[in-house]
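> What follows is a structure written as structure tokens; I'll ask about it next.
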Amino acid sequence: MPQVVMYSTAICPYCVRAKHLLENKGVTYEEIRIDHDQEIMQEMMRRSNRHTVPQIFIDDFHVGGYDDLASMEISGQLNQLLGIADDEL
């Protein structure tokens with residue numbers, strides 16, 4: 001399975017939604033909290049060209065935030081990117 005990385009903060013409702021979506025699919029992910037680490041926040045902004053959370057990456061592909069993740073889920077692109085067959089769910 002591809003590596004999934006999500007930059008997040010403790011009080012972000014969209015981060016919670018993204019985590020639930022991934023967990024419901026059985027996807028493990030690495031959560032990188034940017035709350036109290038300016039260097040990590042700068043890293044996220046360099047990688048994503050965005051300053052909001054969550055920022056989600058699947059391998060080197062930048063998914064974007066929760067709305068982008070949810071759109072990919074609705075269209076079926078998320079399963080394809082994660083290598084999950086529709087009949088596996």
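Numbering (this note's numbering), first residue to last: 1 to 89.
We treat Cβ as the ideally placed atom computed from N, Cα and C, and that holds for glycine.
Taking DSSP's pairing of strands, which residues face residue 53 in a bridge?
Stepping through the sequence shown from its first residue, residue 53 is reached at position 53. Bridge partners of residue 53: none, in fact.
> I'd like the list of long-range same chain contacts for residue 66, defined as Cβ closer than 7 Å, with 5 residues on each side in sequence excluded.
In the sequence shown, counting from the first residue as 1, residue 66 sits at position 66. Cβ within range, chain order: 14, 17, 18 and 54.
> Return the CA-CA distance between residue 84 and residue 73, expressed in angstroms with no decimal places.
The residue given as residue 84 occupies position 84 in the sequence shown. The residue given as residue 73 occupies position 73 in the sequence shown. For residue 84 and residue 73, the distance between alpha carbons rounds to 11 Å.
> So, under 8 Å CB-CB, residue 81 and residue 58 are touching, yes? Tell me the CB distance rounded to an integer number of Å.
Here residue 81 refers to the residue found at position 81 of the sequence shown. Here residue 58 refers to the residue found at position 58 of the sequence shown. Residue 81 to residue 58, Cβ: 5 Å. Contact.
> Taking the straight line between their C-alpha atoms, what separation do you get for residue 78 and residue 47?
For this step, residue 78 is matched to residue 78 along the sequence shown. For this step, residue 47 is matched to residue 47 along the sequence shown. Distance between the alpha carbons of residue 78 and residue 47 is about 20 Å.
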